[in-house]
Each structure stands twice: as C-alpha cells, then as structure tokens.
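For the sequence shown, the working numbering begins at 139 and goes up steadily by one. Only one structure is covered here, and it is reproduced in the block below.
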Amino acid sequence: MKSRRFSFFNHQSPFKNHQIFMVTIEQLQAMINEVPFVKLLGLEITAVEEGICHGRLPYSDHLAQYYGLVHGGVIASLADTMVYMAQTTLNGITKNTVTTNLAVNYLSPARHEDLHARGRVIKNGKKIIYGEVSITSA
Numbered sequence: 139m140k141s142r143r144f145s146f147f148n149h150q151s152p153f154k155n156h157q158i159f160m161v162t163i164e165q166l167q168a169m170i171n172e173v174p175f176v177k178l179l180g181l182e183i184t185a186v187e188e189g190i191c192h193g194r195l196p197y198s199d200h201l202a203q204y205y206g207l208v209h210g211g212v213i214a215s216l217a218d219t220m221v222y223m224a225q226t227t228l229n230g231i232t233k234n235t236v237t238t239n240l241a242v243n244y245l246s247p248a249r250h251e252d253l254h255a256r257g258r259v260i261k262n263g264k265k266i267i268y269g270e271v272s273i274t275s276a
C-alpha cells in the first residue's frame, strides 16, 4: 500500500480491526477515469465518509434501453461500483477487489433522470465485503 495516497484518520473504526483511510473525491474520480467501462457511465462521486460513498449518475441517452428507461445493467453496474468505492474508505484503493455476488431489486423504473447512489459497507471482512446500495432518482 502506498502511504502517499491516503491520510490516516486518528480514531477508532466501528469495523473491528480495520484501519481507516481517507480517500478523497478526486482520488475516486481518478479511479473511475482509469476504468473505461465505468468512465463510460459518467459517474460522479459527490461525497465520501467512513464506509460510505455517494455518487450521481447523470442521465444520458446512451445509458437507456429501447423504451428510454435507464438500462437495468447500468443500474447494477452503478450499484457494484458504489460498494467498491465505499470499501476504499476502509481498505484503501486496491486493484485486487472483485465482485463475488450481486443481487439487485428494481422497485421502479428510472425515466430520463439523474440517479443518486449511496453505497455503504455493512461488513468489512478479511476476505469478503458485504455492502448495500440505495439508488434514487433526482
């Protein structure tokens, strides 16, 4: 881990036996720009907290399906990305994290509107991270 990329918070984490890393919005946005698929989405990180990341996905026609609704795969990708971003606030920026399971419940369609997402780490285990994401329209 490169210490120059993170500032250490000097307080206890609610997550057992974990250091806290302050990752900036700019660092997370730079990460997005390094991954072509995520960059294509147009995701903007708006806030970071310990174990939490907030983002905004501006509506774009290239993210819509045939009926003009935001494609379900875009929403799933947004959810996946937001949990990853939230875990960086606890574990630092790593490139060896992969998704092992993703379940999405679509409660209503997203119609021609920006989406706001809040990713949160529920459990930061040694090998597996559990998270949840709430995605709402603007």
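Even glycine gets a Cβ: it sits at the ideal position worked out from N, Cα and C. All values derive from a computational prediction rather than experimental measurement.
Taking one beta carbon from each stretch, the region 237-245 and the region 180-200 have fewer than 3 pairs nearer than 8 Å; the two do not touch.
For ILE163, the uninterrupted alpha helix (DSSP H) run begins and ends at 163-172, by DSSP.
Taking 7 Å as the cut-off, the beta carbon of HIS250 is found no closer than this to the beta carbon of THR274.
For LEU216, the secondary structure class from DSSP, reduced to helix, strand or coil, is helix. Closest option to ILE163, judged by alpha-carbon separation, among LEU216, TYR204, LEU181 and ASP199: LEU181. Per the DSSP secondary-structure output, ILE190 pairs in a beta bridge with GLU187 and ARG258. In the DSSP assignment, ILE231 falls outside any beta strand (DSSP E) and carries neither an H nor an E. In the same chain as ASN171, and ignoring 5 residues on each side of it, the C-beta atoms closer than 8 Å to its own belong to LYS177, in chain order. The C-alpha of GLU187 is placed about 27 Å away from the C-alpha of SER246.
In the DSSP assignment, GLY269 forms a beta bridge with VAL259. Around the CB of GLY257, 16 or more other CB atoms lie within 10 Å, so the residue is classed as buried.
Around the CB of GLY269, 16 or more other CB atoms lie within 10 Å, so the residue is classed as buried.
Within its own chain, the residues whose Cβ lies closer than 8 Å to the Cβ of ASP252, once the five positions on either side in sequence are excluded, are ARG194, LEU195, PRO196, TYR197, SER275 and ALA276, listed in chain order. DSSP places VAL221 within a helical segment (H, G or I) once states are collapsed to three.
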